[in-house]
Amino acid sequence: MLRENTFDLFFNMMSKLQRKLERGLVIVETGTIRGDIRSCDGNSTVKFADYVKHHDGAFYSVDNNPEAIEYSKGVLGDRENVHVVEGVSTEFLESFPDKIDVLYLDSANDEHIGLAEYEAAKPKLHEHTIILVDDCLQGSPAQRKGLLSLPKMVEDGYTKVLHEYQCVLAKEEVTK
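Going by the working numbering, the sequence shown opens with residue 26, and the numbers climb by one from there.
Next comes the structure, spelled out in structure tokens:
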């Protein structure tokens with residue numbers, strides 16, 4: 026699976042971050058699960074919702090596609106502290122009232138949107154926030170989401186912990 030290594034590392038980092046913060050995590054995902062679930066996809070929306078179910082915290086998945094929102098809600102059902110929101114990701118991130126512990130950028134395959142989402146989320150991030158960017162395999166058509174945002178994140182002090190099909194970033198070492 027394209028995302029297996031990065032998801033394994035990322036969810037391990039999430040667990041360690043939760044222990045460090047001694048509270049449930051606030052997880053935000055841009056781009057929700059689609060009706061065309063394929064086995065090669067990571068199904069991150071379900072994974073994050075399951076994480077919150079078993080480990081506390083809150084999960085927000087935002088998407089501007091009404092059909093995707095409806096499908097996602099159908100897949101997830103009614104889960105406590107899981108919020109599937111229809112809206113423009115940048116507007117959602119700008120108005121988000123809390124600090125974000127975990128940010129997953131997985132909306133449009135457009136480098137400008139990826140950068141805009143990161144910039145909109147940046148005031149909500151903190152020194153312990155961990156970030157995952159999907160579809161950013163260097164040298165392939167699947168690198169667009171991170172073309173502009175990844176260099177900006179590195180410039181802002183984030184380190185690439187693992188860069189494969191997805192890129193995991195953190196400001197501090199939480200893999201220990």
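Note that beta-carbon positions come from the ideal geometry of N, C-alpha and C, so glycine has one too.
On a predicted model such as this, the values are computed, not experimentally measured, just so you know.
Since residue i contacts residue j with CB under 8 angstroms, what's their CB separation in whole angstroms?
i    : j    : result
R59  : Y85  : That belief does not hold up - the Cβ atoms of R59 and Y85 are roughly 17 angstroms apart, past 8 angstroms.
L140 : S174 : 5 angstroms
L34  : V193 : 6 angstroms
D88  : E111 : 7 angstroms
K185 : H151 : So it is not a contact: roughly 19 angstroms between Cβ atoms.
Taking Cβ to Cβ, would you say residue i is nearer than 8 angstroms to residue j?
i    : j    : result
A83  : N106 : yes
K177 : D159 : no
K78  : R48  : no
R28  : Q191 : yes
L162 : E136 : no
N68  : L187 : no
K147 : F121 : no
What residues match up with residue i in a beta bridge as DSSP calls it?
i    : result
A83  : V51
I155 : V127 and A195
V110 : V87
L187 : V193
L101 : BP columns for L101 are empty, so no partner.
L42  : Paired residues: none, contrary to the question.
L150 : I125
Considering only the alpha carbon of each residue, which of the options lies closest to residue i?
i    : options                   : result
V100 : F117, F73, E119 and H79   : F73
K98  : E116, T70 and L46         : T70
A93  : Q163, T57 and G182        : T57
E54  : H153, T31 and Y143        : Y143
H153 : T31, V109, M38 and F32    : M38
R44  : D126, D75, N90 and V113   : D126
D181 : I156, E189, S165 and G164 : I156
G102 : V113, D75 and P91         : D75
H108 : F32, A195, H80 and V51    : V51
P91  : V113, D81 and H80         : V113
K196 : L128, H80 and F32         : L128
S165 : S40, D131 and E189        : E189
Is residue i close to chain C, meaning its C-beta is less than 8 angstroms from at least one C-beta of that chain?
i    : result
S132 : Considering every chain present, this structure includes no chain C. It has just one protein chain.
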